[in-house]
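What follows is a short report on a single structure.
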Amino acid sequence: IASINQPQFALTFWTGFLLVGPFLAIGLYRAAQMRENGEKVSLVKCISTLGQHKVAVSVFTLMMLLIMVAWIRFSTLAVALYFGQLSPGLEAFSSALTSSEGLSFLTVLFASGGVFAFIVYAASVLTLPIIIDKKAEMIPALITSFKAVFEQPAVMLTWAALVAGLTFIGMATFFVGLVFIFPLLGY
């Protein structure tokens with residue numbers, strides 16, 4: 181478990197949560213769909229959505245997990261190469277903020293994280309809702325999701341900023357805030 185003495189692991193796993201968030205919201209997508217159609221929202225029906233779309237959801241989840249593993253490996257390797265050790269500790273990260281090389285490293289690390297985040301966002305913003313709502317296959321839903329991000333960048337980047345900001349608030353409260361924020365984002 182990450183701690184204050186190993187900030188790279190805390191940051192890596194916190195950002196990893198963002199990668200699995202879309203999978204965790206599947207039940208919320210279904211609840212929103214049921215509510216929109218005037219149906220009674222049922223926990224059993226929301227959970228059964230996974231079984232109804234198990235192949236597409238499984239492939240999508242595997243893809244997200246592979247991206248998460250790639251991010252964990254990349255960020256851990258980058259930290260180890262820069263600091264010369266796997267667990268440099270909080271003091272090393274703090275000292276990186278006071279040097280130009282350290283700031284350059286952190287800029288590259290966060291920019292790299294931004295690339296991973298963009299890929300995950302573009303892949304996930306519409307994919308699961310399309311699979312569940314339209315009963316589409318994963319690849320056409322994935323293509324539609326990427327296409328929407330590239331065709332409507334202002335709208336999609338605004339939504340991404342809102343999701344990221346609210347998720348950050350939820351995480352800053354040691355995930356307690358996500359109890360309230362996550363259902364809103366999933367809806």
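Per the numbering used here, residue 181 is the first one in the sequence shown, and the count goes up by one each step. A virtual CB, placed ideally from N, CA and C, is assigned to each residue, including glycine.
Residue burial is scored here from C-beta neighbours: residue 319 has fewer than 16 other C-beta atoms within 10 angstroms and is therefore classed as exposed. Sequence-distant partners of residue 218 (beyond 5 residues in either direction) whose C-beta falls short of 7 Å from its own C-beta are missing from its chain. A distance below 7 Å between beta-carbons, with the five flanking residues on each side excluded, links residue 257 to no residue of its chain.
Excluding the 5 residues flanking it on each side, residue 283 has no same chain C-beta neighbour closer than 6 Å. If only uninterrupted alpha helix (DSSP H) runs of at least 4 residues are considered, those enclosed by the segment 243 to 289 are 269 to 276.
According to the DSSP assignment, residue 315 belongs to no alpha helix (DSSP H), since it is labelled neither H nor E. For the pair residue 285 and residue 272, the CB atoms are not nearer than the 8 Å cut-off. Residue 202 has its alpha-carbon roughly 16 Å from the corresponding atom of residue 351. With fewer than 16 other Cβ atoms from the protein chains shown falling within 10 Å of its own Cβ, residue 227 counts as exposed. With contacts defined by Cβ atoms closer than 8 Å, residue 312 and residue 241 do not form a contacting pair. Of all alpha-carbon atoms in 225, 270, 204, 261, the one lying nearest the alpha-carbon of residue 245 is that of 204.
Residue 326 and residue 224 have their alpha carbons spaced roughly 31 Å apart. Contact between the segment 232 to 239 and the segment 331 to 342 is absent: fewer than 3 CB-CB pairs across the two stretches fall below 8 Å. Only residues of its own chain outside the window of five on either side were considered, and among them 283, 286 have a CB closer than 8 Å to the CB of residue 277, listed in chain order. Here DSSP, grouped into helix, strand and coil, assigns residue 220 to coil. If you ignore the 5 residues before and after residue 362, its C-beta comes within less than 6 Å of no other C-beta in its own chain. At a Cβ-Cβ threshold of 8 Å, residue 346 and residue 324 do not count as neighbours.
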